[in-house]
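Engineer:
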Amino acid sequence: MARGDLPPHEIADPALSDAGQARIDWAAAQMPVLGSIGARFSEQRPLDGLRVAACLHVTAETANLMGTLRAGGAQVALCASNPLSTQDDTASALVRRHGVSVRAVHGEGPRAYAEHLRELARWGPDVAIDDGADLIAALHEDRQRRSTGKGQGARRPLGATEETTIGLVRARAMHAEGTLAFPVLAVNESHSERTFNDRFGTGQSTVDGILRATNVLLAGRTVVVIGYGFTGRGVALRARGAGAHVIVCEVDPVHALEARMEGFEVMPALDAAERGEVFITVTGARDVLRREHFERMKDGAILANAGHFDVEINLDDLRSAAISPAREVRPLVAQYELPDRRLNLLAEGRVVNLTAAEGHPAAVMDISFALQALCAEDLVRRGGELEVGVLAVPTGIDHEVARLKLESLEVRIDELSEAQREYLRSWEGGSTGEPIR
243 MARGDLPPHE IADPALSDAG QARIDWAAAQ MPVLGSIGAR FSEQRPLDGL
293 RVAACLHVTA ETANLMGTLR AGGAQVALCA SNPLSTQDDT ASALVRRHGV
343 SVRAVHGEGP RAYAEHLREL ARWGPDVAID DGADLIAALH EDRQRRSTGK
393 GQGARRPLGA TEETTIGLVR ARAMHAEGTL AFPVLAVNES HSERTFNDRF
443 GTGQSTVDGI LRATNVLLAG RTVVVIGYGF TGRGVALRAR GAGAHVIVCE
493 VDPVHALEAR MEGFEVMPAL DAAERGEVFI TVTGARDVLR REHFERMKDG
543 AILANAGHFD VEINLDDLRS AAISPAREVR PLVAQYELPD RRLNLLAEGR
593 VVNLTAAEGH PAAVMDISFA LQALCAEDLV RRGGELEVGV LAVPTGIDHE
643 VARLKLESLE VRIDELSEAQ REYLRSWEGG STGEPIR
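Residue numbers (the working numbering): 243 to 679.
(1) Just to confirm, are residue 409 and residue 375 a CB contact at a threshold of 8 angstroms?
(2) Measuring CB to CB, does residue 270 end up less than 8 angstroms from residue 306?
(3) Would you check if the distance between the CB atom of residue 359 and the CB atom of residue 622 is smaller than 8 angstroms?
(4) Would residue 340 pass as a contact of residue 324 if the rule is Cβ separation under 8 angstroms?
(5) Determine the DSSP secondary structure at residue 253, reduced to helix, strand or coil.
(6) Compare the beta carbon distance of residue 557 and residue 591 with 8 angstroms and say whether it is the shorter of the two.
(7) For a test of the three-state rule: what should DSSP assign to residue 603, helix, strand or coil?
(8) DSSP has residue 404 in a bridge; who is on the other side?
(9) What alpha helix (DSSP H) runs, 4 residues minimum, are completely inside the stretch 243-315?
(10) Helix, strand or coil, according to DSSP, for residue 655 in the structure here?
(11) Do you know whose CA, among 292, 472 and 598, lies nearest residue 453's CA?
(12) State yes or no: is the C-beta of residue 548 within less than 8 angstroms of the C-beta of residue 575?
(13) To which residues does DSSP link residue 579 through a beta bridge?
(14) What span of residues does the alpha helix (DSSP H) with residue 663 cover, start to end?
(15) Since residue 551 sits in a beta bridge, which residues does DSSP pair it with?
(16) In angstroms, rounded to a whole number, what distance separates the CA positions of residue 625 and residue 357?
(17) So is residue 243 buried or exposed if we call it buried at 16+ other beta carbons inside 10 Å?
(18) If I measure Cβ to Cβ from residue 491 and keep anything under 6 angstroms in the same chain, skipping five residues before and after, which residues do I get?
(19) Does the Cβ-Cβ distance between residue 486 and residue 517 come in under 8 angstroms?
(20) Kindly indicate which residue of 372, 434 and 397 has the alpha-carbon position closest to the one of residue 384.
(21) Nearest CA to the CA of residue 529: which residue from 351, 555 and 421?
(22) So the candidates are 630, 655, 616 and 424; which of them puts its Cα closest to the Cα of residue 637?
(23) Under the assumption that residue 330 contacts residue 258 (Cβ atoms under 8 angstroms), give the Cβ distance between them as a whole number of angstroms.
(24) Measuring alpha carbon to alpha carbon, tell me which of 543, 569, 301 and 531 ends up nearest residue 519.
(25) Shortest alpha-carbon distance to residue 443 belongs to which of 642, 312 and 596?
(26) Do the CB positions of residue 365 and residue 281 come within less than 8 angstroms of each other?
(27) Between which two residues does the beta strand (DSSP E) holding residue 631 run?
(28) Would you call residue 441 buried or exposed, if buried means 16 or more other Cβ atoms sit within 10 Å of its Cβ?
(29) Compare the beta carbon distance of residue 585 and residue 578 with 8 angstroms and say whether it is the shorter of the two.
(30) Please name the residue, chosen from 449, 456 and 405, that lies closest to residue 570 on a Cα-to-Cα basis.
(31) Let me make sure I understand the geometry here. Which of 350, 479 and 495 has the alpha-carbon closest to that of residue 489?
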């Protein structure tokens, strides 16, 4: 099948590459697992000659993943998964120093964002690495367009990896309706990803983004965390660690019970709206905060989103409730004046940890991107053997990443003896340890 040629790049300013390389080097020093995988890739070249397209936040940490893929022999193209998270200096360094085709500009509009996705899809990648399933969707739209006779047939990718919860929701919806055409490895659901990226990464970086944008003191304030999945747990824990009183809102009774047992107040969002001073949405759903919530909030309340897209806070409702256009009171803080109160929206309702801060610490992204690199290798190794659908990351990859991380931290752990392995494999021993006959 025919594949397109990718234009060289579209970035803000090639002259920023020195500053971008400094960022990349700083991050690399905190990403030893990805570094060790990159060294192996450089020797073995498992991706030699293949095309890898990535739709990710264009940050220094992502740049190190791109370098690892390049070391494995891949041709690499990158576009942004969020218009406001792109580091223009990093994008410049990737183009000028690392041979990566980048199409990302900080603050790019919706049309440019969509066109960059389409360009990567038309390029015909062998593997896609995604953060939110926008690239996965673009690849399927390109296949549909070509199959209707408006172009030559599209080449089927070997597969994709997906980094986020909402991306997996979208991929599963595509599979349910028979649209999904290739396997998607659910990186977000691997045990090491959920533990480190969601809990420790988003927890710290979300609080970091809110503090950078507002410079408020969290101690003594009431913070409402809406959503108590792996990510919400991390946000709630870090907010409590900063001295805030934390209220959790949930729709899942098991998650709500967990939050209560872990010492948080739990209540419906409408009740919490009257008490909260800082609201953080972490659900992956839309319209989590709506007009009825805004009308109950205290004067000066802060609204932040740590989910994926800018749909968790209903911006149309917020604008219609306001008596005048929003006023920028600080960078990335838009103040909406309602008839009897003011509400402060952070980062246009987009992910606050990446728009107002720098995203997860490099040490956390070391694990996430190590998983991405090894999953890309796995998709290539197993080629057409995998069934179409959303598939679990192989346990061996999950354990290998954790093992490498422990090794980098100089942490040793125990191993099972052969007798213990045999015991765990057997069903015959009862509570006495003797076989039951």
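Each residue gets a CB set at the ideal place from its N, CA and C atoms; glycine is no exception.
Structural biologist: A quick look at the data gives this:
(1) yes
(2) yes
(3) no
(4) no
(5) coil
(6) yes
(7) coil
(8) 372 and 428
(9) 259-270, 274-286 and 302-313
(10) coil
(11) 598
(12) no
(13) 584
(14) 660-667
(15) Note: residue 551 sits in no beta bridge, so no partner.
(16) 29 angstroms
(17) Confidence in residue 243 is poor, its pLDDT being 43 and thus under 50, which makes the residue's placement unreliable; the coordinate value appears in the next sentence. Its Cβ having fewer than 16 others within 10 Å, residue 243 is exposed.
(18) 468, 511 and 514
(19) no
(20) 397
(21) 555
(22) 616
(23) 6 angstroms
(24) 543
(25) 596
(26) no
(27) 631-634
(28) buried
(29) yes
(30) 456
(31) 479
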